[in-house]
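Engineer:
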Amino acid sequence: MTETPPSRSRLSRRSFLKSSAATLGAAALFDSVRMAFPGGVPQAYAATPETTKATLGYIALMDASPLVIAKEKGLFAKYGVPDVEVAKQASWGATRDNLVLGGGANGIDGAHILSPMPYLISAGKVTQNNVPTPMYILARLNLDAQAISVSNEYKDLKVTADAAALKAAFAAKKAAGKEVKVAMTFPGGTHDLWIRYWLAAAGIDPDKDVSTIVVPPPQMVANMKVGNMDAFCVGEPWNEQLVNQGIGFTACTTGEIWKHHPEKALGMRAEFVDKNPNTTAAILMAVMEAQQWCDQMANKEEMSAIVGKRQWFNVPVADIVGRAKGDINYGNGRVEKGTSQYMKFWQDHASYPFKSHDAWFVTEDIRWGKFEPSTDVKALVDKVNREDLWRAAAKQMGVAAADIPASASRGKETFFDGKVFDPENPTAYLASLDIKRVA
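The opening position of the sequence shown corresponds to residue 750 in our numbering, with each subsequent residue numbered one higher.
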């Protein structure tokens, strides 16, 4: 006997019950998420992260603050990636090596990084056996607020952004059979480029007239204290700490060399980003919201206290907070309060990774022999710079249109010595420079 099929009414009832259960379950889930975020459910939940985990490296420098704050303030968790780790790195060389390894091999997936490094790593210029590890720049972390500091040996020369007085002093020291050492943090990185620009503008060849050495940021002060260097370029809080300990003085902030210059970036392995686009967006939005928080002057004291903790920078707040607010004691009798030479994390489009800025970094690394003169600057920048992902994250966060640049270029940039960089014509800029490693 053939079984009679279920009636339409029984099907409808079963479908209704299943549908009702699903609806109630979804409603309960949404209610729990909504209760967790009374200010509004982050839009990141519209696209579930592929993984809640990632490891981001950082160096103890103030421009790593957005990563630290994103972790401390629960912003990674807010955007659905609570298991993001922010891991201290011993040096920029260690950061590079751990990026090459990747998070899956006990390395790191991304990092607070010197803006030129993703280009050097992607091109295999600074990796073992010159094997490229493709990377992307997702955001700029800050503008300004690095500095060039000099040993007290030269205190009477009143050196500023104009380093001309050091030319004869360095030459005399070399003539006496002593080595002149200037330190930076990574070959071809931002600090290397700032101190090279500063020296070359004064007629001092950074490859011939002095010895350029690599020292990790947290070791700068200790090395100058024992007389291992004559000058260095690094970010804060190490210049302020140097002055507070009476070991040396600050000749200039880097913003005095190039006003509103780009500095660090949020860089990630291309493989991670391509595999985990939603996770990447969540990380990016968490860091961008942290940048907005860090940028508020009312938060500078708390920011300084947080990053100064033992587990982060292990630095006294007194060595951080002054320059974080733009109050600069240069250490040579020059004291300026309330300057504009503080770190910008969000204002002035600080977070947006302008392609024109990366074009300058690549061009300067051509200047000093890190890239070949034949390098296609635009093609390399287009490959590494993912400002499109920043724009998508900004729109998803509801960032005001005025805070999203209309163009990927900030246009021509003018330096303190009158040199002009036109991102549309890097060759003309190189031709205008007297000291360089290219014809």
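Ideal Cβ placement from N, Cα and C applies to all residues, glycine included.
Since we're looking at a predicted model, the values are computed, not measured.
By the 10 Å Cβ neighbour count, where 16 or more other Cβ atoms means buried, how is Lys1049 classified, buried or exposed?
Structural biologist: Counting Cβ neighbours within 10 Å, Lys1049 comes out buried, since at least 16 surround it.
Engineer: Can you tell me the Cα-Cα spacing of Asn1027 and Met884, whole angstroms?
Structural biologist: Approximately 17 Å between the Cα atoms of the pair.
Engineer: Using 8 Å as the Cβ pair cut-off and three pairs as the minimum, do the stretch 842–859 and the stretch 1064–1074 touch?
Structural biologist: These segments do not touch.
Engineer: So, does the stretch 1106–1118 touch the stretch 863–873, judging by three or more C-beta pairs under 8 Å?
Structural biologist: Touching, yes.
Engineer: Contact defined as beta carbons within less than 8 Å: I believe Asn988 pairs with Ser898. What is the distance between those atoms, to the nearest angstrom?
Structural biologist: Asn988 to Ser898, Cβ: 5 Å. Contact.
Engineer: Ends of the alpha helix (DSSP H) at Val929?
Structural biologist: Here Val929 belongs to no alpha helix (DSSP H), and DSSP marks it neither H nor E.
Engineer: Between which two residues does the beta strand (DSSP E) harbouring Ala860 extend?
Structural biologist: Unbroken beta strand (DSSP E) run through Ala860: 859–863.
Engineer: Span of the beta strand (DSSP E) holding Ile962?
Structural biologist: Ile962 -> beta strand (DSSP E) spans 960–963.
Engineer: What separation, rounded to the nearest whole angstrom, lies between the Cα atoms of Phe1170 and Arg1159?
Structural biologist: The straight-line gap from Cα to Cα measures roughly 11 Å.
Engineer: What residue does the alpha helix (DSSP H) around Asp905 start on, and which one ends it?
Structural biologist: Careful: Asp905 lies outside any alpha helix (DSSP H) and carries neither H nor E.
Engineer: Confirm, please, whether the CB-CB distance from Pro1154 to Tyr1101 is below 8 Å.
Structural biologist: Yes, the pair counts as a contact, with Cβ atoms nearer than the cut-off.
Engineer: Where does Leu1129 sit, in a helix, a strand or coil, going by DSSP?
Structural biologist: Three-state DSSP puts Leu1129 in a helix.
Engineer: How long is the line joining the alpha carbons of Gln1045 and Ser1123, rounded to whole angstroms?
Structural biologist: Distance between the alpha carbons of Gln1045 and Ser1123 is about 43 Å.
Engineer: Can you find the residues in the same chain that come closer than 7 Å, C-beta to C-beta, to Val1036, ignoring five residues on each side of it along the sequence?
Structural biologist: Only Pro815, Leu816, Ala819, Ala888, Leu1015 meet the Cβ criterion.
Engineer: Which runs of the beta strand (DSSP E), 3 residues or longer, sit entirely within the stretch 1064–1129?
Structural biologist: Runs of the beta strand (DSSP E) inside the stretch 1064–1129: none found.
Engineer: For Ser898, report the span of its beta strand (DSSP E) as first-last.
Structural biologist: Start and end: 895–900.
Engineer: Compute the Euclidean distance between the alpha carbons of Lys904 and Met969, then round it to the nearest angstrom.
Structural biologist: Going from the Cα of Lys904 to the Cα of Met969 covers about 18 Å.
Engineer: Am I right that Val963 and Thr934 are in contact with their C-beta atoms under 8 Å? What's the rounded C-beta distance?
Structural biologist: Sure, about 7 Å apart at Cβ, within 8 Å.
Engineer: DSSP three-state call for Lys1168: helix, strand or coil?
Structural biologist: Looking at Lys1168 - three-state DSSP - the assignment turns out to be coil, as it is neither helix nor strand.
Engineer: Ends of the beta strand (DSSP E) at Ala836?
Structural biologist: That run of the beta strand (DSSP E) goes 832–837.
Engineer: How long is the line joining the alpha carbons of Ser871 and Ala925, rounded to whole angstroms?
Structural biologist: Roughly 43 Å separates the two Cα atoms.
Engineer: For the stretch 933–990, which segments carrying the alpha helix (DSSP H) assignment without a break, of at least 4 residues, lie completely within its bounds, in sequence order?
Structural biologist: As far as the stretch 933–990 is concerned, its whole alpha helix (DSSP H) runs of at least 4 residues are 939–950, 969–974.
Engineer: Suppose the cutoff is 7 Å on Cβ atoms and the five residues either side in sequence are ignored; what does the same chain contact list for Ser1053 look like?
Structural biologist: If we look at Ser1053 and ignore the five residues flanking it on each side, its Cβ neighbours are Val1066, Ile1069, Val1070, Ala1073.
Engineer: Quick one: residues in its chain with C-beta nearer than 6 Å to the C-beta of Gly937, no 5 flanking neighbours on either side, listed in chain order?
Structural biologist: Once the five neighbours on either side are set aside, the close Cβ partners of Gly937 are Pro865, Leu869, Asp1114, Lys1119.
Engineer: Within its chain, find whatever has a CB closer than 6 Å to the CB of Cys982; leave out the 5 residues flanking it on each side and keep chain order.
Structural biologist: Cβ within range, chain order: Ile897, Met933, His940, Trp943, Ile944.
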